[in-house]
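Down below is the structure, laid out as structure tokens.
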Amino acid sequence: MKGVKLGSRGRRLLEHLGITELYPPQKEALQHTLQGRSTLVAVPTAAGKSLIAYLTLAERLRKSERALYLVPLRALAVEKYRDLRILEELFGLKVALSMGDFDRSDEHLSRYNVIVATSEKADSLLRHRAGWTEELKVVVADEIHLLGDPSRGATLEVTLARIRSLNPSAQILGLSATVRNSSEIANWLDAILVESDFRPVELREGIYHRGRIDFPLSGISQEVPDSTGDITLDLVVDCLRGGGQSLVFLSTRRSAEHTAERAGRYVKDLLKEEEARRLQQIASSLEGEESSRVISRLRRVLSRGVAFHHAGLSNEARVAVEDAFREGLIKALFATPTLAAGINLPARRVIVRDLTRYDSVQGLTYLPVREVKQMCGRAGRPQYDPWGEAVLIARNPRERDEVLQRYILGEPEPIYSTLGNFKALRTHILASFASGFTRCEEELEHFLRQTLFSHQMDYWRMEAMCQEALEFLFEEGLLRREGDAILATDFGKRCSRLYLDPLSAVIMREALLREPEEEPDEFSYLQVVSFVPDMLPLYPRSREVGSLYR
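Take the sequence shown: its position 146, counted from the start at 1, is 165 in our numbering, and no numbers get skipped.
Structure follows, in structure tokens:
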């Protein structure tokens, strides 16, 4: 292999995968990763980041050594586990998937060489002080740009910081989409930065408006026939008639399911006889699945050549859909944005119908540029498509201008730590003491200095925020002092092991300790649960509002 010196394992893996040549960013990254250097690879979606990790693990791990492969989503964990099983088949490296309960240490994982886990599960394992976590040789952080994600970024950040504190010699391999401050992230990780805009297939980003797709950066424009009376379905049918598959991103599960049902009416007539037969077999294979409205609907649309994909599907149903799409049997896949986070399902045309989402604080907001770019990056199948098309839908001239400036011409946002959020800070400070990872304020300070939060934040401001979080934990009886030492109380330990926000635990404790005027029933307890920060707000549909007041 020109440009990179692979050992026998690496060559054997490539031969097994049928790969004869590596992409330029892959060669550059492997020159560092195979030497054991921590590396941040920041390249566009579909540029082959995962193969860098697989080759690194194959070459660097021996049968007594361990690696942790971190991913943001359960669906992605399942996909990576399936991919990495090849290391077991070829080299005898045992691979495990860990994404279950957060209330256990899973010591049996010490028998495996590669553990695939979500960031939350890995954080839980570290809280339980699983012994093997201090023996990691390689840590792969897939989709590491999600450090900036408000809901899960802090957990990934703390997990990486804790691993680096426990095992400073561990090699960190971060796999990231292109971000504006990738050099800052690499600096935080003490890693070499490999950055490139290389894509194996040309990406054309366009805007659909009034029956046409304009590709501003290519100077190309094309008409889309009105064949269904629905913009999204017109784009799907147009692509299918040109011999391509479509991947459509919508904001909600409900939209994904309903749009797939409507699309099936048009796609079924364009299927070949053998394709229809195979799809019916796949739909029938799901009959053994636990009966539910979602599975019944999925079986129905599958037989028509379309499917939906969201977090509500079981692993078995999700894998069946993904495999059928990769085989080209499913012609259009309707998905929520979670599918953009690393799952390898490229299509000729990516359609982003919904560019906004509802936020409980800000109301209707535009999706981050980084998230939309990830969706767009799924366009174009290497070895199959001469180019990929990413089409963003604009419903009026003003929205067209906004889409052009924000998404086509705009750059992805920088990554900023989300550990400065008080909910995240108090949760992870408590976890640090409850696990015994830190035992006094000096050790806490030393640990926090390993975080991206510290790397980006003014020290005095960070210290003030930490003191405020500590005061809350002491006042509410989650932490206690014993001389210079700080220890978690039984209440604090239980809160941490159950992965609760400390404020949620306090609210529930106070409700249970309060003397009720009458014996509480189950609705009283449900009302308490509805008040805690860990309970996400539910937004009723307009037609449901009236019934809530009856």
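Glycine included, each C-beta is placed from N, C-alpha and C at the ideal position.
Starting from residue i and walking both ways along the beta strand (DSSP E), at which residues does that stretch end?
i, result
"glutamate 84", "Note, glutamate 84: premise wrong, no beta strand (DSSP E); not H, not E."
"leucine 161", "The question names leucine, yet the displayed sequence has aspartate at residue 161. Run containing aspartate 161: 155-161, per the beta strand (DSSP E) assignment."
"tyrosine 377", "375-378"
"tryptophan 406", "406-412"
"histidine 328", "325-328"
"tyrosine 285", "That residue, tyrosine 285, is in no beta strand (DSSP E); its alpha helix (DSSP H) goes 272-286."
"valine 388", "From DSSP, valine 388 is part of no beta strand (DSSP E) but of the alpha helix (DSSP H) over 388-395."
"tyrosine 241", "Reading off the sequence shown, one finds glutamine at residue 241, where the question assumed tyrosine. Unbroken beta strand (DSSP E) run through glutamine 241: 239-242."
Spatial neighbours of residue i within its chain, please: CB distance less than 7 angstroms, with the 5 preceding and 5 following residues excluded, ordered by chain position.
i, result
"aspartate 233", "Gly225, Ile226, Ser240"
"glutamine 50", "Val23"
"alanine 504", "Arg458, Cys459"
Decide if residue i is buried, meaning its Cβ has at least 16 other Cβ atoms within 10 Å, or exposed.
i, result
"tryptophan 207", "buried"
"histidine 447", "buried"
"tyrosine 42", "buried"
"leucine 557", "exposed"
"threonine 384", "exposed"
"phenylalanine 441", "exposed"
"glycine 502", "exposed"
"leucine 517", "exposed"
"glycine 248", "exposed"
"threonine 251", "buried"
"lysine 392", "buried"
"threonine 39", "exposed"
"leucine 165", "buried"
"glutamate 537", "exposed"
"proline 535", "exposed"
"aspartate 477", "exposed"
"tyrosine 100", "buried"
"aspartate 509", "exposed"
"serine 303", "exposed"
"phenylalanine 466", "buried"
"lysine 7", "The question about residue 7 has no answer here: the residues shown for the chain are numbered 20 through 569."
"asparagine 132", "buried"
"proline 169", "exposed"
"leucine 236", "exposed"
In angstroms with no decimal places, state the Cα-to-Cα distance between residue i and residue j.
i, j, result
"glycine 407", "cysteine 258", "11 angstroms"
"proline 539", "leucine 532", "12 angstroms"
"leucine 428", "histidine 228", "17 angstroms"
"aspartate 553", "threonine 137", "19 angstroms"
"leucine 555", "alanine 524", "15 angstroms"
"glycine 455", "histidine 147", "9 angstroms"
"aspartate 102", "arginine 28", "16 angstroms"
"glutamate 176", "leucine 438", "8 angstroms"
"lysine 68", "histidine 329", "24 angstroms"
"valine 338", "leucine 522", "38 angstroms"
"leucine 423", "leucine 269", "19 angstroms"
"valine 551", "glycine 496", "18 angstroms"
"alanine 141", "serine 311", "31 angstroms"
"cysteine 514", "alanine 149", "18 angstroms"
"valine 410", "threonine 355", "16 angstroms"
"valine 159", "phenylalanine 493", "36 angstroms"
"arginine 376", "leucine 386", "7 angstroms"
"valine 114", "aspartate 420", "48 angstroms"
"glycine 511", "tyrosine 403", "55 angstroms"
"phenylalanine 491", "glutamine 190", "36 angstroms"
Given residue i, which residues of its chain have a CB within under 8 angstroms of its CB, disregarding the five upstream and five downstream residues?
i, result
"glycine 324", "Gly283, Val286, Lys287, Leu289, Leu290, Glu294, Ala295, Leu298, Leu348, Ile349, Lys350, Ala351"
"arginine 231", "Ser240, Gln241, Glu242, Val243"
"glutamate 153", "Leu185, Asn186"
"glutamate 108", "none"
"proline 416", "His228"
"leucine 25", "Leu33, Leu49, Leu53, Leu74, Glu78"
"leucine 144", "Ser117, Ser124, Asp125, Leu128, Ala136, Thr152"
"glutamate 221", "Gly399, Pro405, Trp406, Gly407"
"aspartate 520", "Lys442, Arg445, Thr446, Val551, Pro552, Asp553"
"arginine 425", "Tyr385, Val388"
"threonine 1", "Nothing about residue 1 can be read from this structure; the chain reaches only from 20 to 569."
How would you write the range of the alpha helix (DSSP H) that residue i sits in, first residue to last?
i, result
"isoleucine 314", "312-321"
"histidine 465", "460-467"
"glutamate 482", "478-494"
"glutamate 203", "201-207"
"valine 422", "416-422"
"histidine 35", "27-36"
"isoleucine 250", "250-260"
If you drop the 5 nearest sequence neighbours on each side, which residues of the same chain put their C-beta closer than 6 angstroms to that of residue i?
i, result
"glutamine 264", "Lys350, Ala366, Arg367"
"alanine 279", "Val320, Val325, Phe327, Phe353"
"aspartate 122", "Low confidence applies here, because aspartate 122 scores a pLDDT of 49, under 50, leaving its location unreliable; read the following figure in that light. Hits under 6 angstroms: Arg516."
"alanine 413", "Ile226, His228, Arg419, Val422"
Could you check if residue i belongs to the surroundings of the ligand GTP, using beta carbon to heavy atom distance under 6 angstroms?
i, result
"lysine 140", "With respect to small molecules bound, the structure shown includes none, and the ligand GTP cannot be examined in it."
Meets three-Cβ-pair contact criterion under 8 angstroms: the region 428-438 and the region 188-205: yes
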